[in-house]
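Take a look at the structure below.
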Amino acid sequence: MSAAQIFYAVRAAAPTSNPFVAIAYTLHGSFYPNMSTFFMRSISVLHGLYALQTVLLLAALAVRYRRTPGDVWVFKSVSTPRGTYFVPHFAVAWQLSTLGFLIILQPYLVMTTEHAYGNDWRGYLGGRTMGFLPAWLSTWLALWSLTVAVCLPRATGRRQTGLSFFSSPTFINTHFIGGVILCCTSIIAPSILCARLYDQAVDAYRVSRTMLLGAAPGFANMTSAEVDSALAKAVPIVDRMLEKADQLELSFKASWWM
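Using my numbering, you'd call the opening residue of the sequence shown number 84 and step up by one each time.
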C-alpha cells in the first residue's frame, strides 16, 4: 500500500475530521502499537530478575576463583600425540556468555520501554536481534567442550582406538572456531543492516509526523485544494518510510532464513 492509498483510506473513513491528525495517528500506530499495563509491569519485573541473575553469576565466579584460582579460565590447549586440542572451560564460558546475555538485555529492556512510549534509540532493532548471541555462544561452547571430552581420552590413550579425521584436533579446532566466526558474522551483519533500515524508516516517519502535525492547526482555514497540496508534500516522505519498512521485512526474513 502506498502513502496516497493510506491517505485516501483515512480521509474516507473520517471525512469530517482533521486529516493531518488522523493520518499522523495512523502512522504512529503502525510503529508503536498500544502496550498493555501487564506488559509494561512485566518489563520492570524482568529488570529485577536479570539483575539478580547477574549478581548470582558474578558470585559463582568469585567463589570458584577463591576456592581454585587456577580453575578460572575460558580456553586452554591440551597436547596429545595427534596434535593440540583447544578446550573451552564449559562452566566458566557458559557463565561468561550468560553474563553477556544478561548485560545486553538490560539496555534492551530500556529500549523496549521507550519504544512502547513512542521513543526510539538508534539501533533498537539491532539490539533485539543481537541480544541472543551470547546464549547461542554458550550452546556452541557446550558442544565444543563435549566433543573434546569424548575425543581427548581416545587421543591420549595407549592404543588410540576409534580415531578418525573427524576426531582429530585439526578438524575439531577448525570446525568450532570457524563455526564461531561464521555464525557470529551471520547474526551480527544482518542485525546491523536491519537496524539501519528500521532507523531510516523511523526517521522518515518522524519527518512526516512533523509535517502533518505542523499543518494540523491551520486545517480549519484551509480550502480543499490547500489540504490536498499540504498532504501531497508528505506523500514522498511516507512512501520512503513504507519502502524502508518493506525492505526491513524482507531483510529480516532473509537473515533469519540464512
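No residue lacks a Cβ here, since even glycine has one placed at the ideal position from N, Cα and C.
| query | result |
| --- | --- |
| Does ILE106 pass the burial test, meaning 16 or more other C-beta atoms within 10 Å, or should it be called exposed? | buried |
| Kindly indicate the opening and closing residues of the beta strand (DSSP E) around THR163. | 158-163 |
| Could you check the C-alpha separation between TYR91 and HIS198 for me, to the nearest Å? | 28 Å |
| Relative to the C-alpha of PRO171, which residue among PRO190, LEU129, LEU220, HIS130 is closest? | LEU220 |
| Is ALA96 closer than 8 Å to VAL69 when the C-beta atoms are compared? | With the chain running from 84 to 341 in the structure shown, residue 69 is simply not present. |
| Kindly list the residues whose CB is nearer than 7 Å to the CB of GLY166, restricted to its own chain and excluding five residues on each side of it in sequence; keep chain order. | SER251, PRO252, THR253 |
| Between LYS316, SER307, GLU326, LEU276, which has its C-alpha nearest ARG347's C-alpha? | Residue 347 is absent from the structure shown; the chain starts at 84 and stops at 341. |
| Taking the alpha-carbon of LEU216 as reference, which of LEU188, TRP227, VAL233, PHE158 has the nearest alpha-carbon? | LEU188 |
| Any idea what DSSP makes of PHE184, helix, strand or coil? | helix |
| Is ILE320 closer than 8 Å to ALA287 when the C-beta atoms are compared? | yes |
| Looking at the structure shown, is GLY206 part of a helix, part of a strand, or coil, going by DSSP? | coil |
| Measure the C-alpha to C-alpha separation of LEU229 and CYS267 and round it to an integer number of angstroms. | 21 Å |
| Candidates MET294, PHE248, ARG279, SER247: which alpha carbon is nearest ALA313's? | MET294 |
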